[in-house]
Amino acid sequence: MVGVLPEPGEADGDLLLTVPTDEELRQVGAERVPIERNRASAQYRDLCDSFRDDIRGSDDKLRLSACNFELQYASTYFTRLNMLKRSVVEAARAKWVNTKAIPSDHLLEGIGHVTDRERGVTVAIYGCVVKEVKLRPSVLAEIQKTAGISGTHPAMTSEGYSMTDPYASDEDKIYLEDSSSRIRLVVKEGSSVDLNRLCQGLVLAFKGTRGRGCFEVDDMAFPLPLAPKMIARSDSSDAKFLAQVARSVPVTILPGSQDPANFALPQQPLHSALFPESRKVKDLTAETNPARFQVGDCVFLGSTGACVKEVTQYSTSTDVLDALELTAGSRVIAPTAPDTIACYPFPNFDPLVITEDEPAAHVMFSSNHNKAAFRVVDLGEAKLTLLSVSTFVSDPVLLLVNINDPSDIRRISFKASGTFQAEGEDGDTPMDDTS
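Under my numbering, think of the first position of the sequence shown as 124, with each following residue one higher.
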């Protein structure tokens, strides 16, 4: 009898038996056969890129195809400035040069050229807003408080920082920065410009004069939101409308700050494994955050709330719709990223900038707020509808958008008794059958 056994002194990992000695093998007529220990090799392959590259949706630019977090964030701001440079210059030229407020050569190409002009001469400059918020939470202040060192942060109380109160104050300092230099912005005496409502990351143009180590502002210009294409209304009948309602309602899901998704913007779609039953429905779509999608001819653009909430925290634009209008006017979905919101350090392209080569949104929304509200902004050739979508716990209200006329918004308010009340723009207008 011939056996194949390992060397003496070794043990079988499964049976935990002692290997017999040579003498024990001779007694039973067995012999030891050496075993070749050639361990098979396996080449490791990272399949993450394959998963990312295979994902396609309505907004591919918000989906990360390759990640390299070794990049610096300075390129993000300069990329944003380059992407919005033409738009903000056109806005400044239309607002000040075309109206003869300033000569064309007074629209400066760089902040550094301000020093070339005499004091009192009105010029216009553009760049990226940088804001030093005095009450911004500080890790060093927390360490000081823990160590009992005096001089802690003015925003810190005995219980720590407040996560609900705005951090903006009149003591904040605002600068304008481009690739050449930085200059502090102050409000010119007698001007009604409110610089405190701005937040970091906005690309704007400012008109004013050179002061002592600062730029005295008397007006500012936004890139302005893109005007969406007009939606042609089509004839419809009650039967056709009822047939549409009878179908299953399409659902679009965006990841939030508390969901199992990547932390940095843009957040990638939630995995289908999280919806074992709902994923069987073809009308369930997982999108990125922020997301852009189209229903009929109506284009929607929005996020799950953090982008707008940070604006309300770090500016005097504490109203959700005011903050949302600020992001729309500046054409940056999350202007405070990467300063107060984590985002991927894009080196050559900022997906958070609203560009002209994309379909302009008819509706911009922000969700997870305490109150449902809406506003229609007149852009001249078109209108932009702003939606503040509430959490159902804080304000049980649904906002219905008429996709044939996005400025037509209807509210459905659910009461505690389980009934609901349909409201129009004036609060008591009944819903029509085109929403």
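Glycine is no exception: its CB is placed at the ideal position from the N, C-alpha and C atoms.
Query: Taking the alpha helix (DSSP H) that GLY235 falls in, what are its first and last residues?; Result: Unbroken run through GLY235: none, as it is neither H nor E.
Query: Going by C-alpha to C-alpha distance, which of ASP293, ALA291, THR411, VAL310 sits closest to PRO474?; Result: THR411
Query: Mind checking ALA73: buried by the 16 CB within 10 Å criterion, or exposed?; Result: It is not possible to answer for residue 73, since the shown part of the chain is limited to 124 through 558.
Query: What number of angstroms, rounded off, separates the C-alpha of VAL220 from the C-alpha of ILE248?; Result: 12 Å
Query: Does the beta-carbon distance from ALA409 to LEU393 come in below 8 Å?; Result: yes
Query: Between GLN323 and ASP462, which are expected to be in contact by the criterion C-beta below 8 Å, what is the C-beta distance as a whole number of angstroms?; Result: 5 Å
Query: Can you list, in chain order, the residues of its chain with a C-beta nearer than 7 Å to that of GLY243? Leave out the 5 residues immediately preceding and following it.; Result: THR332
Query: Quick check on GLU147: buried or exposed, where buried means 16 or more other Cβ atoms within 10 Å of its Cβ?; Result: exposed
Query: Hey, would you say the C-beta of HIS229 is under 7 Å away from at least one heavy atom of the ligand ATP?; Result: Judged by which ligands are present, the structure shown has none, so any question about the ligand ATP falls away.
Query: Taking 8 Å as the CB-CB limit, is LEU299 close to chain C?; Result: Judged by its chain identifiers, the structure shown contains no chain C, having just a single protein chain.
Query: How would you call GLN381, buried or exposed, if buried means at least 16 neighbouring beta carbons within 10 angstroms?; Result: exposed
Query: Considering only residues of the same chain and omitting the five flanking positions on each side of ASP518, which have a CB-CB separation below 7 Å?; Result: ASN493, LYS494, ALA495
Query: For ALA344, list the residues DSSP reports as bridge partners.; Result: ALA328
Query: Using CA coordinates, which residue listed in LEU327, VAL455, PRO482, VAL237 is at the minimum distance from GLN417?; Result: PRO482
Query: Let me know the alpha helix (DSSP H) ranges lying completely inside the segment 487-546, each 4 residues or longer, listed in chain order.; Result: none
Query: Rounded to whole angstroms, what's the CA-CA distance from ALA214 to VAL520? Just pull it up for me.; Result: 37 Å
Query: In the DSSP assignment, the beta strand (DSSP E) including CYS251 goes from what residue to what residue?; Result: 246-255
Query: State the DSSP-derived secondary structure class of SER426, mapped to helix, strand or coil.; Result: strand
Query: Where does ILE69 fall in DSSP's three states?; Result: Outside the shown range of the chain (124 to 558) lies residue 69, about which nothing can therefore be said.
Query: Do you know offhand how far SER304's Cα is from SER261's?; Result: 26 Å
Query: Report the option in THR375, GLU265, PHE398, LEU308 whose CA atom is closest to the CA atom of GLY336.; Result: LEU308
Query: May I have the straight-line CA-CA distance separating HIS229 from MET206, to the nearest angstrom?; Result: 22 Å
Query: Which word fits ARG149, buried or exposed, when buried means at least 16 other C-beta atoms lie within 10 angstroms of its C-beta?; Result: exposed
Query: I'd like the span of the alpha helix (DSSP H) that includes ALA197, first residue to last.; Result: 197-215
Query: I need the straight-line Cα distance from SER511 to LEU377, nearest angstrom please.; Result: 15 Å
Query: For ASN525 and ARG533, what's the separation of their Cα atoms in angstroms?; Result: 8 Å
Query: Suppose contacts are defined by Cβ-Cβ distances below 8 Å. Is VAL316 in contact with ASP342 by that definition?; Result: yes
Query: Check the C-beta distance from VAL476 over to ARG203 and give it rounded, since I have them as a contact under 8 Å.; Result: 6 Å
Query: With THR408 as the anchor, note down where its beta strand (DSSP E) starts and where it stops.; Result: 407-409
Query: Tell me the DSSP bridge mates of CYS337?; Result: ARG307
Query: Between GLY250 and LEU299, what straight-line distance do the alpha-carbon atoms span, to the nearest angstrom?; Result: 6 Å
Query: Indicate the three-state DSSP secondary structure (helix, strand or coil) for ILE266 in the structure shown.; Result: helix
Query: On the DSSP letters alone, give me the boundaries of the alpha helix (DSSP H) that GLU147 sits inside.; Result: 145-150
Query: For ILE306, count neighbouring Cβ atoms within 10 angstroms of its own Cβ and tell me buried if that reaches 16, exposed if not.; Result: buried
Query: Using a threshold of 8 Å, state whether the C-beta atoms of PRO351 and ALA484 are closer than that.; Result: yes
Query: Measure the Cβ-Cβ separation of THR435 and THR427 and say whether it is below 8 Å.; Result: no
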